[in-house]
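Only one structure is covered here, and it is reproduced in the block below.
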Amino acid sequence: EAQVTQNPRYLITVTGKKLTVTCSQNMNHEYMSWYRQDPGLGLRQIYYSMNVEVTDKGDVPEGYKVSRKEKRNFPLILESPSPNQTSLYFCASSFGPRTSGGAAYYEQYFGPGTRLTVT
Amino acid sequence: AQSVAQPEDQVNVAEGNPLTVKCTYSVSGNPYLFWYVQYPNRGLQFLLKYITGDNLVKGSYGFEAEFNKSQTSFHLKKPSALVSDSALYFCAVRDSDMRFGAGTRLTVKP
Chain A
1 EAQVTQNPRY
11 LITVTGKKLT
21 VTCSQNMNHE
31 YMSWYRQDPG
41 LGLRQIYYSM
51 NVEVTDKGDV
61 PEGYKVSRKE
71 KRNFPLILES
81 PSPNQTSLYF
91 CASSFGPRTS
101 GGAAYYEQYF
111 GPGTRLTVT
Chain B
1001 AQSVAQPEDQ
1011 VNVAEGNPLT
1021 VKCTYSVSGN
1031 PYLFWYVQYP
1041 NRGLQFLLKY
1051 ITGDNLVKGS
1061 YGFEAEFNKS
1071 QTSFHLKKPS
1081 ALVSDSALYF
1091 CAVRDSDMRF
1101 GAGTRLTVKP
């Protein structure tokens, strides 16, 4: 079954304790992305990756790191979590742009979400 | 930079009535527009997209959306709402990355 998986689904942690949220897709997608969802703000992009070893900042990258060593995996790392990073996090993937002009018209597939609470 | 706006936080309709969830966009080039739905405790699911061609796009679960270039709008519609359509709906525009609106909560009452 084609899917995007995230782990853990729920996490409660304390300020400053490093954590990693894993994301994996089995659709051979080039493009992967992390979002956080907060009430009234919709989804805001944290980081995205066009392909292996290619990552770039989204709208709200502060306090987060990512890596893309393999095509299927795109972990989100919080080196020193703070309470303002309490949120619902989604990983997504899709096929990437097919033209040099960057036309990117493929829909994204989303993981089930990770609810993170930092106390 | 591209952006979308969803002017309504909440839309309430009665079951069986038509529904519209509004979205307006701003892009510098050709718009690639999407609608997603989020059911409680679930991730986002793709509903439909506009790339080019017919202005009326049909998608999953009986939803459709109308692309209007002059009004820069991409409203989501359904002729007859179901209680099970109650969810959070997001409009999005994509260039190199995807930008989402703030979401509209649709409530369909029996």
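Going down the list, the sequences are from chains A and B. Position 79, counted from 1, in the first sequence is what my numbering calls 79; the numbers after and before it change by one each time, with no gaps. Position 78, counted from 1, in the second sequence is what my numbering calls 1078; the numbers after and before it change by one each time, with no gaps. In this text, a Cβ means the ideal position worked out from N, Cα and C, and glycines have one as well.
Quiz item: Excluding the five sequence neighbours on either side, which residues of its own chain have a C-beta within less than 8 Å of the C-beta of residue 75 of chain A, listed in chain order?
Solution: 20, 21, 22, 23, 66, 67
Quiz prompt | Assigned exposure category for residue 1054 of chain B - 16 Cβ within 10 Å defines buried | solution = exposed
Practice problem: In the DSSP assignment, find the unbroken beta strand (DSSP E) run with residue 1105 of chain B in it and report its ends. | Solution: 1104 to 1109
Self-check item: Nearest-angstrom Cα separation, counted from residue 92 of chain A out to residue 117 of chain A
Solution: Between the alpha carbons of residue 117 of chain A and residue 92 of chain A lies a distance of about 21 Å.
Quiz prompt | Partners in chain B for residue 110 of chain A, counting only beta-carbon separations shorter than 7 Å | solution = In chain order: 1043, 1044.
Quiz item: What is the DSSP secondary structure of residue 131 of chain A, reduced to helix, strand or coil?
Solution: Here chain A comprises residues numbered 1 to 119, so residue 131 of chain A is not present and cannot be evaluated.
Self-check item: DSSP-derived helix/strand/coil call for residue 1032 of chain B
Solution: coil
Exercise. Could you check if residue 49 of chain A is buried or exposed, using at least 16 other CB atoms within 10 Å of its CB as the buried criterion?
Key: buried
Quiz item: Based on the DSSP output, what are the partners of residue 25 of chain A in its beta bridges?
Solution: Its beta-bridge partners are A:4.
Exercise. Let me know if residue 1057 of chain B comes out buried or exposed under the rule of 16 or more other beta-carbons within 10 Å of its beta-carbon.
Key: buried
Quiz prompt | Contact belief for residue 1090 of chain B with residue 1036 of chain B at Cβ below 8 Å, rounded distance in angstroms | solution = 5 Å
Quiz item: Taking C-beta to C-beta, are residue 120 of chain A and residue 95 of chain A nearer than 7 Å?
Solution: For residue 120 of chain A there is no data in the structure shown, the boundaries of chain A being 1 and 119.
Practice problem: Assuming residue 1109 of chain B and residue 1018 of chain B form a contact by the criterion Cβ under 8 Å, report the distance between their Cβ atoms to the nearest whole angstrom. | Solution: Not a contact, Cβ separation roughly 14 Å.
Practice problem: Take the Cβ of residue 33 of chain A as the centre, count every other Cβ of all protein chains shown within 10 Å, and call the residue buried at 16 or more, exposed below. | Solution: buried
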